[in-house]
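A short worksheet on the structure shown next.
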Amino acid sequence: MSEGIIQADQPPELTGESPDLFSKFDDFIAMRQSVLDTGIEDPFNLVMEKVLSPTRAICNGRETILLGTYNYMGMTFDPDVIEAGKQALTDFGSGTTGSRVLNGTYQGHRECEDALREFYAMDHAMVFSTGYQANLGIISTIAGKGDYVVLDIDSHASIWDGCALGNAEVVPFKHNDVAALEKRLKRIPAGAGKLVVLEGVYSMLGDVAPLKEMVRICKENGAMVLVDEAHSMGFIGEHGRGVCEDQGVIDDVDFIIGTFSKSVGTVGGFCVSNHPKFEIMRLVCRPYVFTASLPPSVVATAATSIRKLMHGSNKRAHLWENSRNLHAGLRELGFSLGTPEAQSAIIAVIMPDLEKGATMWEALLKEGLYVNLARPPATPANMTLLRCSLCAEHSEEEVATILQIFERAGKAVGII
Ligand SMILES: Cc1ncc(COP(=O)(O)O)c(C=O)c1O
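Using this note's numbering, you'd call the opening residue of the sequence shown number 39 and step up by one each time.
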């Protein structure tokens, strides 16, 4: 018998019953059960039975306004986008069955990267299978042993996981705190490689990073900068390039990470850069090399959508109107909000606790409105949030209806 296999005549401590590997989740299971025991519908198990448009779906047999999809620019039902996907499905088949570095690079992947280079006016673009993998891959590959990654404490899980996959030292700083970032950077030993990872919009509260000051401090301290623009691409900035564009620092950042799963309206992730050696990433970045590439229909829809977003200024203006109207209306009703004014297309409504949050979530759904319930540990400061994400396809009347639903549900649950 091979070494390491436990045999019957071995001492009891070796043959004794192993702990259930799931026991580490017991507290979490109990918390979830306590919410379900109140009779509330499971907020993390909603099924969209039919999707009618970027802003409407049938949920529990009822037409529902969607206010929690991150479909900011409403591209999922754009006729040109859909047609491009259908054509690619017919011409190239349903999937590539391979990695980008073997049989998985089709004409469509190149066209999608061309569209991204044009969209950002940058030299290099690399498409990943998801935004999660883009962060995982780029962060873990460029920051190696002896290097330092300095990141905002409220960074997205994919950024933390990119740090965990790599071998660099990880140094978090207080959320959006310019002085804390500077202090951390100054403490890094001289001569060490430094990567600062920031987000344009933080998705829990919908607040924007002070990138202008932060990028200046990074440059003064010799750090490379990566900005995740997942929640700002397509919407923020004159050309929709994100908060980096809006705050005038796009030429100073080294890498922009983004996703196709929000404004672009499909699935996938990317990194754009002007670094002259960037193309080597295609051979050394494991989450790019060791996974199958996106299906041809997906990259065709993404490329078409990105090209249309370049000309989306009217939609961007309408989305800002929606966001400001919803923020002002909710504040007037007496709800406590995550930001003092609308800073992005995410408006976070702060709930007193998880039970009230889940009750309010269900009350909204019963009235025909879907929002996201967010709870610790995903949220900062242990907050329970109802996160609303607006879409450029929401009409003014829909925003008014949303506010009426919030008012009725908020009064019924006793939050306002
Ligand atoms: C800031 C941020 N980065 C990355 C991602 C991952 O994107 P994807 O859905 O493409 O994996 C998300 C998704 O929610 C995100 O919010």
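Glycine included, C-beta positions come from ideal geometry on N, C-alpha and C. None of the values given here were measured: they were computed from a predicted structure.
Taking every protein chain shown into account, the CB of T128 has fewer than 16 other CB atoms within 10 angstroms, so this residue is exposed. Judged by DSSP in its simplified three-state form, S301 adopts coil rather than helix or strand. When secondary structure is reduced to three states using DSSP, I388 falls in the strand class.
Collapsing the DSSP output to three states places K257 in a helix. When secondary structure is reduced to three states using DSSP, D266 falls in the strand class. Our two residues, V387 and D64, have alpha carbons roughly 29 Å apart in a direct line. Taken through DSSP and simplified to helix, strand or coil, A340 comes out as helix.
F293 is bridged by DSSP to L264, S311. Sixteen is the threshold: since fewer than 16 other Cβ atoms of the shown chains lie within 10 Å of the Cβ of I67, the residue is exposed. With a contact defined as Cβ atoms closer than 8 Å, L428 and N360 qualify at about 5 Å. The residue from N109, L189, C309 with its alpha-carbon nearest to that of G272 is N109. Boundaries of the beta strand (DSSP E) harbouring V234: 232-237, taken from the DSSP string.
The beta carbon of S196 lies closer than 7 Å to those of G169, Y170, N173, L174 in the same chain, with the five residues before and after it left out. In the structure shown, Y170 falls within a helical segment according to DSSP collapsed to helix, strand and coil.
For N360, the enclosing alpha helix (DSSP H) begins and ends at 351-371. For V263, the CB contacts under 6 Å within the same chain, skipping 5 residues up- and downstream, are V234, V253, C256, V291, D292 in chain order. In this structure, A163 has its CB at a distance of at least 7 Å from all heavy atoms of ligand 1. Beta-bridge analysis with DSSP links A95 to V89, T102. In terms of CA proximity to G448, M389 leads the group M389, E434, D289, V216. Straight-line measurement puts the Cα of T304 at about 24 Å from the Cα of L424.
Of all alpha-carbon atoms in L104, V119, F373, the one lying nearest the alpha-carbon of T439 is that of L104. Three or more Cβ pairs closer than 8 Å define a contact, and the segment 198-206 falls short of that threshold against the segment 339-353.
The beta carbon of Y326 sits no closer than 7 Å to any heavy atom of ligand 1. For L441, the uninterrupted alpha helix (DSSP H) segment begins and ends at 434-451. Taking 7 Å as the cut-off, the C-beta of N173 counts as close to a heavy atom of ligand 1. When C-alpha distances from H365 are compared across I443, T179, A383, H356, the shortest belongs to A383. Sorted by position in the chain, T168, G169, Y170, H194, S196, S241, D266, A268, T297, S299, G307 make up the residues whose C-beta lies under 5 Å from a heavy atom of ligand 1. Distance from the CA of G395 to the CA of K315, rounded to the nearest whole angstrom, comes to 48 Å. Contact annotation, M164 with F373: C-beta distance approximately 41 Å; criterion of less than 8 Å not satisfied. In this structure, the CA atom of E156 is about 54 Å from the CA atom of P57.
Where D64 is concerned, the enclosing alpha helix (DSSP H) starts and stops at 64-74.
Annotation for R425: the continuous beta strand (DSSP E) segment containing it runs 422-427. Setting aside the 5 residues that flank it on each side, T329 is surrounded in the same chain by S167, each with a C-beta closer than 6 Å to its C-beta; the list follows chain order.
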